[in-house]
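>
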C-alpha cells in the first residue's frame with residue numbers, strides 16, 4: 358500500500374481514511390476544425406449518438422425535454 362498526501366480544504370484536522378474523488382480542473386485539448394456544410398448532418402447525428410455516453414440519464418432527459 359502506498360500513501361498519497363493530498364492538499365485541499367479539510368473539514369477538520371487529522372488523518373483522513375476512506376474513498377476520495379480527485380477532481381482535476383482543466384479543459385481537454387480538442388482538435389478544432391471547420392465542418393463543411395455537406396458534413397453537418399452526419400456530424401450532428403454522430404454527436405447525438407454519443408450524448409448518452411457522457412450525460413447521466415437524468416441530464417439527457419432534461420435536455421431532450423427542453424428541445
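Numbering (the working numbering), first residue to last: 358 to 424. Where a beta carbon is used, it is the ideal one built from N, C-alpha and C, also for glycine.
So the candidates are 419, 365, 420; which of them puts its Cα closest to the Cα of residue 380?
Checked all of 419, 365, 420; the closest Cα to residue 380 is 365.
> Could you tell me the distance, in whole angstroms, from the CA atom of residue 372 to the CA atom of residue 393?
Residue 372 and residue 393: Cα-Cα distance of roughly 56 Å.
> Between 395, 361, 413, which has its C-alpha nearest residue 375's C-alpha?
For residue 375, the nearest C-alpha among the options comes from 361.
> Among the residues of its own chain, which have a CB less than 8 Å from the CB of residue 409, if the five just before and after it don't count?
Excluding sequence neighbours, residue 409 sits near 417.
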